[in-house]
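S.K.:
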Amino acid sequence: MRVAVSACLLGEPVRFDGGSKPVREVMELAEKVEARRVCPERAAGLPVPRPPAERVGARVMLRTGEDVTDAFARGACACAREIVRSGARLAVLKAKSPSCGVGLVYDGTYSGRLVPGRGVLAERLSEEGVCMVTEDTVRACKPSVEHPVAIVLGTGLGHLASLVRPVRRIDYQDIEGFPASARPVAGHRFEATVGTIDGVPVVVYPGRIHLYQGYSAAEVTSLVRHAHHLGCRDIVFACATGAVPGQAHVGLGILTDQINLTGRNPLAEWDGLRDVESPFVDMNEAYAPYLRTIARGVADDLGIAVEEGVYAGVLGPCFETPAEVAALGALGVSYVGMSTVNEVIMAKALGMHVLGLTLAANESGAPAVSHESVLEAAERHADDFERLVRGVLRLL
Numbered sequence: 025m026r027v028a029v030s031a032c033l034l035g036e037p038v039r040f041d042g043g044s045k046p047v048r049e050v051m052e053l054a055e056k057v058e059a060r061r062v063c064p065e066r067a068a069g070l071p072v073p074r075p076p077a078e079r080v081g082a083r084v085m086l087r088t089g090e091d092v093t094d095a096f097a098r099g100a101c102a103c104a105r106e107i108v109r110s111g112a113r114l115a116v117l118k119a120k121s122p123s124c125g126v127g128l129v130y131d132g133t134y135s136g137r138l139v140p141g142r143g144v145l146a147e148r149l150s151e152e153g154v155c156m157v158t159e160d161t162v163r164a165c166k167p168s169v170e171h172p173v174a175i176v177l178g179t180g181l182g183h184l185a186s187l188v189r190p191v192r193r194i195d196y197q198d199i200e201g202f203p204a205s206a207r208p209v210a211g212h213r214f215e216a217t218v219g220t221i222d223g224v225p226v227v228v229y230p231g232r233i234h235l236y237q238g239y240s241a242a243e244v245t246s247l248v249r250h251a252h253h254l255g256c257r258d259i260v261f262a263c264a265t266g267a268v269p270g271q272a273h274v275g276l277g278i279l280t281d282q283i284n285l286t287g288r289n290p291l292a293e294w295d296g297l298r299d300v301e302s303p304f305v306d307m308n309e310a311y312a313p314y315l316r317t318i319a320r321g322v323a324d325d326l327g328i329a330v331e332e333g334v335y336a337g338v339l340g341p342c343f344e345t346p347a348e349v350a351a352l353g354a355l356g357v358s359y360v361g362m363s364t365v366n367e368v369i370m371a372k373a374l375g376m377h378v379l380g381l382t383l384a385a386n387e388s389g390a391p392a393v394s395h396e397s398v399l400e401a402a403e404r405h406a407d408d409f410e411r412l413v414r415g416v417l418r419l420l
């Protein structure tokens, strides 16, 4: 996987003050991928050291008052061309910089105040469709014993739990909010495992409950709250789905967005909502672009066929009618299933980073679909699913 990285984050002395800003987590990522070091200021031929620069509207000004917009633009264009030519889908850029800032930049007063905006290079890469994050995102997504990766597995995908080198096991009945009377459906198991996969700290939940079984949205999302309580900041949801004809095919997929058609929302049933500042959760980028891009890169590197698309969560338990399938296609839906959407809402409300993976086990609306056929399809794709998840964990 090719990743563009700001050179200063890897220890190169290219900053305005002649120094660098090395970040351990970024350096570790660079060792696992094909890292392309970039520095727009160096590409523009700007001297080191030099006066600091900040964005002032559309311009870039040195603290001395000199306008260096053209130089920054020239360097940004050169770096963007290099990144696009390399095939890198991900760029890790120095936060707040007038070249590399993503989301926030210094406001031009040299007071340390930040305003919404992008650096000059970030603007170019946005036009090219490159996923951009700062070192803060890489740090936040780095697993540790204190912050393991949570993995919630759906129908037929629970075998991944067997890869865990266990430290302890937690019966679902001991999880606050999980219904004591719940019993797993075929392909699910109700015992979480805390441990490691290939040395990466994880908490694996090899089964879930569903709204169609009569449980509330608050109960359905109890595993998410438990994972957050254990310190998990990244959470992977894996689910079995139907592929909407014309939008996706049977096989593995990465979820890019969702439509909640269950008629339920866990935040409306969650007592904890009373303790937060606002109940209105921003669902933009519900599935973290950083994690999605890593998953796509891993799949490409390993030769795993993976598609991407929007997921629609329905109440179930019946499969879709032909008219419903046609309506889903008109909505731009690629995958349809009976879980996950409420869990993602809860995870987003708790500030977690979400990766959604699916096994499209059948064509939605096709005849002779059954729970047993879904389990059989999961078995056929088990090896690729396992390799994909392990590859993502390795890069994190």
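Using this note's numbering, the final residue of the sequence shown is 420, and nothing's skipped along the way. Glycine included, each C-beta is placed from N, C-alpha and C at the ideal position. Note that the structure is predicted; figures quoted are calculated from it, not measured.
Let me know if residue 253 comes out buried or exposed under the rule of 16 or more other beta-carbons within 10 Å of its beta-carbon.
M.R.: Here residue 253 refers to the residue found at position 229 of the sequence shown. So residue 253 counts as exposed.
S.K.: Going by beta-carbon coordinates alone, are residue 314 and residue 280 separated by less than 8 Å?
M.R.: Within the sequence shown, numbered from 1, the residue matching residue 314 stands at position 290. Within the sequence shown, numbered from 1, the residue matching residue 280 stands at position 256. The answer is no: Cβ separation not under 8 Å.
S.K.: Can you give me the C-alpha to C-alpha distance between residue 67 and residue 103, rounded to a whole angstrom?
M.R.: Translated into positions along the sequence shown, residue 67 becomes position 43. Translated into positions along the sequence shown, residue 103 becomes position 79. Each residue's Cα considered, the two are about 7 Å apart.
S.K.: At which residues does the alpha helix (DSSP H) containing residue 109 begin and terminate?
M.R.: Walking along the sequence shown from the start, residue 109 turns up at place 85. First-last of the alpha helix (DSSP H) with residue 109: 93 to 110.
S.K.: How long is the line joining the alpha carbons of residue 367 and residue 290, rounded to whole angstroms?
M.R.: On the sequence shown, residue 367 is found 343 positions in, with the first residue counted as 1. On the sequence shown, residue 290 is found 266 positions in, with the first residue counted as 1. Distance between the alpha carbons of residue 367 and residue 290: 8 Å.
S.K.: Let me check one thing: in DSSP terms, what residues is residue 56 bridge-paired to?
M.R.: The residue given as residue 56 occupies position 32 in the sequence shown. Paired residue(s): none; residue 56 is not in a bridge.
S.K.: Tell me whether residue 366 sits in a helix, a strand or coil according to DSSP, three-state version.
M.R.: Looking up residue 366 in the sequence shown gives position 342. It is helical.
S.K.: Taking the alpha carbon of residue 77 as the point to measure from, which residue in 96, 69 and 63 has its own alpha carbon closest?
M.R.: As a working mapping, residue 77 is identified with position 53 in the sequence shown. Residue 77 has its Cα closest to that of 96, out of 96, 69 and 63.
S.K.: Using 8 Å for Cβ pairs, my map puts residue 241 next to residue 179. What's the rounded Cβ distance?
M.R.: Walking along the sequence shown from the start, residue 241 turns up at place 217. Walking along the sequence shown from the start, residue 179 turns up at place 155. Actually they do not touch by this definition, with Cβ atoms about 19 Å apart.
S.K.: Would you mind sorting residue 231 into buried or exposed? The rule is 16 or more other CB atoms within 10 Å of its CB.
M.R.: As a working mapping, residue 231 is identified with position 207 in the sequence shown. Classification for residue 231: buried.
S.K.: Which residues in the same chain as residue 269 place their Cβ atom closer than 8 Å to its Cβ, once the five residues preceding and following it in sequence are excluded?
M.R.: In the sequence shown, counting from the first residue as 1, residue 269 sits at position 245. Same-chain partners within the cutoff: 349, 353, 387, 388 and 389.
S.K.: What number of angstroms, rounded off, separates the C-alpha of residue 258 from the C-alpha of residue 376?
M.R.: Here residue 258 corresponds to residue number 234 of the sequence shown, with the count starting at 1. Here residue 376 corresponds to residue number 352 of the sequence shown, with the count starting at 1. Answer to the nearest angstrom: the Cα atoms are 6 Å apart.
S.K.: In angstroms, rounded to a whole number, what distance separates the CA positions of residue 159 and residue 306?
M.R.: By 1-based counting over the sequence shown, the position of residue 159 is 135. By 1-based counting over the sequence shown, the position of residue 306 is 282. Going by the C-alpha atoms only, they are around 22 Å apart.
S.K.: Which residues bound the beta strand (DSSP E) around residue 254?
M.R.: One-based indexing of the sequence shown puts residue 254 at position 230. Neither: residue 254 is in no beta strand (DSSP E) and is coded neither H nor E.
S.K.: Within 10 angstroms of the Cβ of residue 339, are there 16 or more other Cβ atoms? Answer buried if so, exposed if not.
M.R.: Taking the sequence shown and counting its residues from 1, one reaches residue 339 at position 315. Result: exposed.
S.K.: The beta strand (DSSP E) that contains residue 195, what's its start and end?
M.R.: Sequence index remark: in the sequence shown, residue 195 carries index 171 (1-based). Per DSSP, residue 195 belongs to the beta strand (DSSP E) from 189 to 195.
S.K.: Under the assumption that residue 318 contacts residue 227 (Cβ atoms under 8 Å), give the Cβ distance between them as a whole number of angstroms.
M.R.: Numbered from 1 along the sequence shown, position 294 holds the residue referred to as residue 318. Numbered from 1 along the sequence shown, position 203 holds the residue referred to as residue 227. Contact flag wrong, Cβ pair sits at about 19 Å.
S.K.: Grouping DSSP H, G and I as helix and E and B as strand, with all else coil, what is residue 306?
M.R.: Against the sequence shown, residue 306 aligns to sequence position 282. Correct three-state label for residue 306: coil.
S.K.: Could you tell me which residues DSSP puts in a beta bridge with residue 175?
M.R.: The sequence position of residue 175 within the sequence shown is 151, counting from 1. Answer is 228 and 260.
S.K.: Relative to the alpha-carbon of residue 214, which residue among 224, 229 and 201 has its alpha-carbon at the smallest distance?
M.R.: For the purposes of this step, residue 214 is taken as residue 190 along the sequence shown, with counting starting at 1. It is 229 whose Cα lies nearest to the Cα of residue 214.
S.K.: Reducing DSSP to helix, strand and coil, say where residue 32 ends up.
M.R.: The residue you call residue 32 lines up with position 8 of the sequence shown. Here residue 32 sits in helix by DSSP.
S.K.: What are the start and end residues of the alpha helix (DSSP H) that includes residue 408?
M.R.: For the purposes of this step, residue 408 is identified with residue 384 of the sequence shown, where counting begins at 1. Residue 408 -> alpha helix (DSSP H) spans 406 to 419.
S.K.: In this structure, does DSSP put residue 25 in helix, strand or coil?
M.R.: By one-based count along the sequence shown, residue 25 stands at place 1. The answer is coil: DSSP assigns residue 25 none of H, G, I, E or B.
S.K.: Between residue 88 and the rest of its own chain, which residues show a CB-CB distance below 6 Å, the 5 nearest in sequence each way excluded?
M.R.: Along the sequence shown, read from residue 1 onward, the residue named residue 88 stands at position 64. Around residue 88: 75.
S.K.: Take the Cβ of residue 245 as the centre, count every other Cβ of all protein chains shown within 10 Å, and call the residue buried at 16 or more, exposed below.
M.R.: The residue you call residue 245 lines up with position 221 of the sequence shown. So residue 245 ends up on the buried side.
S.K.: When the Cβ atoms of the stretch 138 to 148 are set against those of the stretch 117 to 126, are three or more pairs found closer than 8 Å?
M.R.: Judged by Cβ distances under 8 Å, the stretch 138 to 148 makes contact with the stretch 117 to 126, as three or more pairs qualify.
S.K.: Using a threshold of 8 Å, state whether the C-beta atoms of residue 80 and residue 167 are closer than that.
M.R.: Mapped onto the sequence shown, residue 80 falls at position 56. Mapped onto the sequence shown, residue 167 falls at position 143. Going by C-beta atoms, residue 80 is not nearer than 8 Å to residue 167.
S.K.: For the alpha helix (DSSP H) holding residue 161, just list the boundary residues, first then last.
M.R.: Here residue 161 refers to the residue found at position 137 of the sequence shown. Start and end: 159 to 164.
S.K.: Look at the Cβ atom of residue 183, then the Cβ atom of residue 275, and state whether they are nearer than 8 Å.
M.R.: Here residue 183 is taken as the residue at index 159 of the sequence shown, counted from 1. Here residue 275 is taken as the residue at index 251 of the sequence shown, counted from 1. In this structure, residue 275 does not lie closer than 8 Å to residue 183 by Cβ.
S.K.: Output yes or no for whether 8 Å exceeds the beta carbon distance between residue 111 and residue 72.
M.R.: Mapped onto the sequence shown, residue 111 falls at position 87. Mapped onto the sequence shown, residue 72 falls at position 48. No, the Cβ-Cβ distance between residue 111 and residue 72 is not below 8 Å.
S.K.: Given that a residue counts as buried once 16 or more other Cβ atoms are within 10 Å of its Cβ, and exposed if not, what is residue 382?
M.R.: Here residue 382 refers to the residue found at position 358 of the sequence shown. Buried, because 16 or more other Cβ atoms sit within 10 Å of the Cβ of residue 382.
S.K.: With 8 Å set as the bound, which would you pick, yes or no: does the beta-carbon of residue 113 sit closer than that to a beta-carbon of chain C?
M.R.: Judged by its chain identifiers, the structure shown contains no chain C, having just a single protein chain.
S.K.: What do you get for residue 261, buried or exposed, if any count of 16 or more other CB atoms within 10 angstroms of its CB means buried?
M.R.: The residue given as residue 261 occupies position 237 in the sequence shown. Under this definition residue 261 is a buried residue.
S.K.: Just how far apart, CA to CA, sit residue 206 and residue 114?
M.R.: Start at 1 with the first residue of the sequence shown, and residue 206 comes out as number 182. Start at 1 with the first residue of the sequence shown, and residue 114 comes out as number 90. Looking at the two C-alpha atoms, the distance is approximately 42 Å.
S.K.: Measuring only the C-alpha atoms, how far is residue 325 from residue 341?
M.R.: Here residue 325 corresponds to residue number 301 of the sequence shown, with the count starting at 1. Here residue 341 corresponds to residue number 317 of the sequence shown, with the count starting at 1. Computed Cα separation, rounded: 36 Å.
S.K.: Where does the unbroken beta strand (DSSP E) through residue 150 begin, and where does it stop?
M.R.: Here residue 150 corresponds to residue number 126 of the sequence shown, with the count starting at 1. Note, residue 150: premise wrong, no beta strand (DSSP E); alpha helix (DSSP H) at 144 to 151.
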